[in-house]
Amino acid sequence: MPVGAIPFPFGDCRICNDKATGVHYGVATCEGCKGFFRRSIPKGEKYKCFFGGQCVISPQNRNRCKACRFKKCLDTGMAIDGMIFQILHSKSC
Ligand SMILES: [Zn+2]
Ligand SMILES: [Zn+2]
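So the sequence shown is numbered by the numbering used here: it starts at 4 and just counts up by one.
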């Protein structure tokens, strides 16, 4: 959390329900999910869910399953320019 951060009226993170710090890549998210999404873009395809693909992402367990967290980012509409479309189109399933 940056020093001097003030509460923004963004409500909860759309990904993990932590406190959102702003609109990042098109969606109101927390700093954690913002960073996670940015880091995930180049390697999003490698994530695999070990829990059936139905994980509920919360501030407590959001680091447990990268696959479902990243999927939720995509489902929620997060996107970095055209990169996301390349990832989606390169997937076969
Ligand atoms: Zn979050
Ligand atoms: Zn999962």
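Beta carbons are placed, not taken as given, at the ideal position from N, Cα and C, and that holds for glycine.
Quantities reported herein were computed from a predicted structural model and do not represent experimental measurements.
How would you call residue i, buried or exposed, if buried means at least 16 neighbouring beta carbons within 10 angstroms?
i     : result
Lys69 : buried
Phe53 : exposed
Lys37 : buried
Arg42 : exposed
Ile18 : buried
What is the rounded straight-line gap between the Cα of residue i and the Cα of residue j?
i     : j     : result
Gln57 : Cys71 : 7 Å
Phe16 : Val30 : With the sequence shown as reference, residue 16 is identified as Cys, and Phe is not the correct amino acid for it. Taking the straight line from one Cα to the other gives about 8 Å.
Gly14 : Glu34 : 13 Å
Val26 : Ile83 : 13 Å
Just to confirm the assignment, what range does the beta strand (DSSP E) spanning residue i have?
i     : result
Thr24 : Counting along the chain, Thr24 falls outside any beta strand (DSSP E), and DSSP gives it neither H nor E.
Let's see if you can read the secondary structure: which residues bound the alpha helix (DSSP H) around residue i?
i     : result
Ala31 : Taken as a continuous stretch (DSSP letters only), Ala31 belongs to no alpha helix (DSSP H), being part of the beta strand (DSSP E) at 30-32.
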